[in-house]
Amino acid sequence: MRPSLLAVTLFAIFINSVEQRDALEDGNPGHMDYNYDDQTDLVNNDTWEENFNTEATFTDATNLKGNESLEESEATTLRYSLSKTGESETKKPQILDPDECGDPPPVKNAMIFEGKQIRYEVGAKVTYACEFGYITDGSVHFSECLLSGATQTLYWTDPEIRCSPRSCGDPGYVEHAHRVGSVFTFPNKISFECDDGYTMQGYGTRYCQTSGTWSGSLPTCEPIFCDPPENPENGKVSYSSLGYESELHYECDPGFILKNDRGRICSANGTWSGSEPTCLEAQCDPPVAPEHGTVQVIGDKSNVGSRALYTCNEGRALVGSASSKCLDIGEWTFPTPRCLEPCFVPKIQHGKIGKYVGYYRRRFEELSENGKIEDGEELYLRCEPNYEPFGHPETEEKIACSQGEWEAVPVCEPAMCRGPPPPTPNAVVARANRTHGGGVVYHCRQFAKKVKYGTTTCVFGTWKGDRPVCKDLRCSVDELSFPGLIKGKKKFYLPGHVFTVTCERGFNLTKENNQLKCVNGIWQGHLPPCIAASCNAEDLVESEGIVPDGEKIVLNGEYLAVRCREGYSPSRKQARCSRGQWTVTGKLCQESSCAVHKIDNGGFSERVQKKQLNWRLEFDRWYEYPRLRLGGTRSPGSSLYVSCDGRYSFQGKQGENDVSVKCSKGKWDPDPVCLITGTPYRNEARLSLEKTEKSNIRTNTHANRSPSTTRQPLVLTTQSRPSEPDAVLDLNKDLDPTPYPSCACTYRSVDDSLVAFVGTEQLSYGSKVKNNDKIKFHCRHFGYSRLNGVSEIKCENCRSWHSSEFPECVRPRAGDTIIQLEGDYTILAGGVIGIAEGRQLSVRCVSAGIDDFPKWSTNIHKQLLFSSYMDQNGYYISTLNISNADSEHSGQYLCNMKGYRPFAFDIQVISPPSVKCSKFDERDYIIHYDKEQAVNSTALFICKDDHKKLDGPNIVTCLLNGQWSGGPPICKTTCPMIEETEGMSVSYTKGVDEGSIAAFHCLEPRTRTGVPWSTCKKNGSWTHPPARCTLSSCPLDQLFDVVPENVVPVMEGVASDTLPYNFTLRLTCEDNMMLSGSDVAKCGQDGKWQVSRVQCISGCGLPRIENSELIIEPDKSFYRFGESVALSCSPGYVLSSEVVRLMCLGTSWSENVPECRKE
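Numbering-wise, the working numbering puts 913 at position 906 of the sequence shown, and it's gapless, one number per residue.
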């Protein structure tokens, strides 16, 4: 197959070259005349593919293996078997006739299949076909030479054919290999590479062919294996596998030691790595004597089992094991020990070494110089005042001698200045040497100028000296503290800059176009820039009753002096000028009051209504006018009456008396004058005024009296009992859990005004009523409220009642008789009034809304005391009085008025000795009774369990009806209140009762430590101790995990490794680098450090020499790497060297900074 393929390839190349030569001889190098007589339908894509597929079959059938170059040559042969339209041959310029088109348009990956000519006239047509390995999308395959009707020029139509590479599809994957290449179209290729530990079987590269199939077949990756190893002499080898990366394990026979065992692994080439180890006879290396010591071997040299004994020279201590044994593995049991010289107490300048002795180790005992120190002995270095141990801020440091050496050098050095240098305004600390004698370098800020030099030095831990003074050359708007000035948002102005003054509303400029200029930190200009505006008094003239008095213009802050018009008087209110506006606290002039003065032949009076009962039992009503005392005033708008004497009348008018006058603007209107009747009245002061209103009230003291015969009923105001806070009434819950032997009805009434009894037992919400028992009702406000509905109901078939079956207590209506009780009494079942023997009772009967006295009637024969009267509100009342009550007062009583609804009730006189209240169940209580449960005796309750407390009244009283005034309280288990510490609040589900849950809440930014809640137990204690709300803290060492390299915290004043929440540390850079970004690290609420984006930038500081006339341009506090500065001197000075320019090289300057010397 391979020779035939080669022959076909050479033949195709030969034919192609011959046809190209013929075309050149004919003068058409681009034309190749192929014979397509049998392929007239090649423009059809299917036929085209079939022809090319038949031509490509010999390539697919070759099944070449491992010869990539030959595969490529075959593809090249097929690729050039037909000519392409885009050949890059050099063509001569073609001279076209007017009716000829140029060459047809080229199409990528396509060739002219039909119609190719030397010259193309109008109407010529060429057909395109895709090259081998490409397929068309079925668009227009031809182009035609046409004449444009608009431009009369020739052009080729767009062939619109698109040739896309043929796809070979996914070539698949090879197990234990990875694929290289992801394009699956002609003429691309893909390769396979086996994973480590596998070798390839077959050809690893496949090409996408013109036929749309992949060349060759998929290879395989087979695992790699190594040959079985041999056992070493006097030993053996073991392994679990012979595959790739498997390991060999060697071991020797007893008495032999494995040497040169560096591990052997099956490598990718199928061989074992390294070399085979050997097993040698077990023997230890000869022991080495320690420095300043000796060694002695006991036994047969260094064979297994021999021993080495170590000793030290006199005066030295042996550290380690004094003996060692040679083991069968060829090693000694212990390493060679050391012979160390003991530590001695050195001479300490400005300090001493000692230890604490005594029972409590509180007494410091100094050790003598050159004294011997035991290894590991705990000692302390104590420094004199102003000195400290090296590297430690404390005056005392714990030290120890370990193995003949001091763990820390015991040295006392002058104390360092650990606090920050003293700040100076408008300057920053450029450098600070914190050691004793070190100084601080201050740099003035860009906007400031140094006006005084100073020296600050560290002296035994304290900064001392004078600081430099940097004057701020800017001007601050805050210095312009003048009222009315609008400062704006800009705070600082540089020297020479101008601030244009604008004033607030109510202020005026003191000078037109006023401007303030900043000159060396001082404002210059007209000050103050703004002045408050004045007020015009005429603005208040139109206000009622005001007349300006004095100047019309009132300055800011001054008050207006006013006088009032006639009929008005000055008030206590004032008008003040405030920034051009009047501030008025109220009316400045108020209407004048009127005096109750003397009236000749009469006087001022007030009208009083009177009434009297006539013989028809009706009221006659009239008015009387009692005179008023002279003096005093009446406010504007108030009215009085003028009553004239005898034959005098008001203003002399016939029949005018007791006339109403009204106070208006300080005068009574009409004019209060009493004249002889018929005398004409002339008031000269009012001739020009027209009277607009006249009061003329005529009264008759006896005529037209019409007493009222009805009145609204009396209303009794009551206050209902307040409900307990946070109480929820569950209508489906039986509150009385007492079991009954048989079924019962449940009483559920939420009407607090209704009272219910079963026998002598008063019911409450949820009480049980035995079957066939009756409930009797009466109103709580006995004698006032009326029972609307049934007075009793019966428990039948154990069916509980609906609320609509209960009666209601309603307010009385007109005509109802009302009963009011006073004395020692109680309301028994059914509304019976119970009174103890010998007690008093007063029953007031009021007929609501009727002007008549109620009548009493009764069925008893004992003489009673009745009384009747009318109270100050006009109500008619009849009273029944019982004093020293006895059994004869028991009976029925009725109070009514004829024709109206009566009120009937029973009175029962009770003999106290015969009434007793029953005892309570003492299961949970200690109960103290007095008077053996008699009437008015009490019962005192105390809980037996100390962990419980009473819920309810602890004292109840025995009533006349043999019932206690209330039920027993409940003994509830309670726990102590939990104290709320700082930042914590406690909430309870049921207060501090048993079963209540106390939840602990921490307020931000604190976090909880401990359990989130605790439960109150039966024994009155909480299940868990309360939680604590603490502030988070941040470990200092974690800060270095969040800041970049070279960024370090400033540790001045920091004495702990853990810092609390919200603590801030200032950041700086090492190695004279500059910090870029925020210089603060803050401990967050989550216990993590919060640091903004920050980094250290390499650079140089200002190359300034203090007290020098050196001029540096540009003058900055920091220069980046590569920046340079120019150096010069002030007039009269010259540089000390020829260096006139410096460059920043990392963290230092390129040259030493020269000085400026006088010429």
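Yeah, the Cβ is synthetic: ideal placement off N, Cα and C, and Gly gets one too.
Please read all numbers here as calculations on a predicted model, not as lab measurements.
Original post:
Rounded to whole angstroms, how far is the Cβ of Phe948 from the Cβ of Ile934, which I believe are closer than 8 angstroms?
Top reply: With 8 angstroms as the limit, Phe948 and Ile934 qualify as a contact, their Cβ atoms being about 6 angstroms apart.
**OP:** Would you tell me roughly how many angstroms separate the C-alpha atoms of Asn888 and Gln658, rounded to the nearest one?
**Re:** Between the C-alpha atoms of Asn888 and Gln658 there is a straight-line separation of about 60 angstroms.
Original post:
When you compare each of Gly1027, Ile380, Gly445 and Met423 to Glu414 by their alpha carbons, which one comes out closest?
Top reply: Comparing Cα positions, the closest option is Ile380.
Subject >> Anticipated Cβ contact below 8 angstroms, Cys1023 with Gly1002, distance rounded >> reply: Cβ-Cβ separation between Cys1023 and Gly1002: approximately 6 angstroms, consistent with a contact (criterion under 8 angstroms).
**OP:** Measure how close the beta-carbons of Pro417 and Pro349 come, nearest whole angstrom, since I'm counting them as under 8 angstroms.
**Re:** That pair is no contact at about 15 angstroms.
**OP:** With a threshold of 16 other CB atoms inside 10 Å of the CB of Met118, please say whether the residue is buried or exposed.
**Re:** Buried, since its Cβ has 16 or more Cβ neighbours within 10 Å.
Original post:
Are there 16 or more other CB atoms within 10 angstroms of the CB of Gln159, so buried, or fewer, so exposed?
Top reply: Flag for Gln159 reads exposed.
Subject >> Cβ neighbours of Pro1173 in the same chain (closer than 6 angstroms, five flanking residues each side left out) >> reply: In the structure displayed, the chain extends from 8 to 1166; residue 1173 sits before or after that span and is not available.
**OP:** With DSSP collapsed to three states, give me the class of Phe59.
**Re:** Any reading at Phe59 must be qualified, since the residue scores a pLDDT of 34, below 50, and its modelled position is unreliable; the value itself is stated next. The DSSP-derived three-state label of Phe59 is helix.
Subject >> Where Lys938 falls: helix, strand or coil (DSSP) >> reply: In the structure shown, Lys938 sits in a helix (DSSP, three-state: H, G or I).
Original post:
Quick one: what's Cys805 bridged to in DSSP?
Top reply: Answer is none; Cys805 lacks a bridge partner.
Original post:
Between the C-alpha atoms of Ser4 and Thr507, what's the straight-line distance to the nearest angstrom?
Top reply: Outside the modelled stretch of the chain, which goes from 8 to 1166, sits residue 4, for which no answer is possible.
Subject >> Proximal residues to Thr725 (C-beta, below 7 angstroms), its chain only, five neighbours per side dropped >> reply: For Thr725, the predicted structure reports a pLDDT of 31, less than 50, and the residue's modelled location is therefore unreliable. The matter cannot be settled from this model.
**OP:** Give me the Cα-Cα distance between Ser1105 and Glu391, rounded to the nearest whole angstrom.
**Re:** When the Cα atoms are used, Ser1105 and Glu391 turn out to be separated by approximately 41 angstroms.
Original post:
Alpha carbon to alpha carbon, what distance is there between Thr143 and Asp53?
Top reply: With a pLDDT of 37 at Asp53, under the threshold of 50, the modelled position of this residue cannot be trusted, and the question is left open.
**OP:** Tell me whether Phe397 is buried or exposed, calling it buried when 16 or more other Cβ atoms sit within 10 Å of its Cβ.
**Re:** The residue in question, Phe397, is exposed, as its Cβ has fewer than 16 Cβ neighbours within 10 Å.
**OP:** Evaluate His785 with the Cβ neighbour count: other Cβ atoms within 10 Å of its Cβ, from every protein chain shown; 16 or more gives buried, anything less gives exposed.
**Re:** Buried is the call here.
Subject >> Cβ pair Leu567, Ala544 closer than 7 angstroms >> reply: Cβ distance < 7 angstroms, so Leu567 and Ala544 count as in contact.
**OP:** Indicate whether Trp163 and Ser155 have their beta-carbon atoms separated by less than 7 angstroms.
**Re:** No, they are not a contact pair.
Original post:
Excluding five sequence neighbours on each side, which residues of the same chain lie with their C-beta closer than 6 angstroms to the C-beta of Tyr995?
Top reply: Its chain contains Ser1003 and Ala1005 as the residues whose beta carbon lies nearer than 6 angstroms to that of Tyr995, once the 5 sequence neighbours on both sides are disregarded; these appear in chain order.
Original post:
Ends of the beta strand (DSSP E) at Pro396?
Top reply: Taken as a continuous stretch (DSSP letters only), the beta strand (DSSP E) holding Pro396 covers Tyr394 to Pro396.
**OP:** Using a threshold of 7 angstroms, state whether the C-beta atoms of Ala289 and Asp335 are closer than that.
**Re:** Closer than 7 angstroms, so yes.
Subject >> Helix, strand or coil at Ser174 [DSSP, three-state] >> reply: Ser174: strand per DSSP, three-state reduction.
**OP:** Quick one: using the 10 Å Cβ neighbour count with 16 as the cut-off for buried, is Ser248 buried or exposed?
**Re:** Counting every other CB atom within 10 Å of its CB across the protein chains shown gives Ser248 a total below 16, marking it as exposed.
**OP:** State buried or exposed for Arg586, treating a residue as buried only when at least 16 other CB atoms are found within 10 Å of its CB.
**Re:** Buried, because 16 or more other Cβ atoms sit within 10 Å of the Cβ of Arg586.
Original post:
Just how far apart, CA to CA, sit Leu871 and Tyr936?
Top reply: Approximately 38 angstroms, taken between the alpha carbons.
Original post:
What is the rounded straight-line gap between the Cα of Asp859 and the Cα of Lys618?
Top reply: If I take the Cα positions, the gap works out to 16 angstroms.
Subject >> For Gly837, three-class secondary structure by DSSP >> reply: Gly837 falls in the helix class under three-state DSSP.
Subject >> Between the CA atoms of Trp971 and Gln940 - distance to the nearest angstrom >> reply: Approximately 9 angstroms, taken between the alpha carbons.
Subject >> Cα-Cα separation, Leu1152 to Cys1107 >> reply: Approximately 8 angstroms between the Cα atoms of the pair.
Original post:
In three-state DSSP terms, what is Glu545?
Top reply: Three-state DSSP puts Glu545 in a helix.
Original post:
So Tyr387 and Glu376 are in contact, right, with Cβ under 8 angstroms, and what is the actual spacing, rounded?
Top reply: The pair is not a contact, with the Cβ atoms about 16 angstroms apart (cut-off 8 angstroms).
**OP:** Could you please give me the residues that DSSP links to Thr212 through a beta bridge?
**Re:** Paired residues: Ser198.
**OP:** Can you give me the Cβ contacts of Asp202 inside the same chain, cut-off strictly under 8 angstroms, excluding the 5 residues immediately before and after it?
**Re:** Cβ within range, chain order: His183, Ala184, His185 and Cys228.
Original post:
Since Met1080 contacts Asn1053 with CB under 8 angstroms, what's their CB separation in whole angstroms?
Top reply: With 8 angstroms as the limit, Met1080 and Asn1053 qualify as a contact, their Cβ atoms being about 6 angstroms apart.
**OP:** On a CA-only basis, which of Cys451, Leu487 and Phe489 is nearest Cys477? Give me that one, please.
**Re:** Out of Cys451, Leu487 and Phe489, Cys451 has the C-alpha closest to the C-alpha of Cys477.
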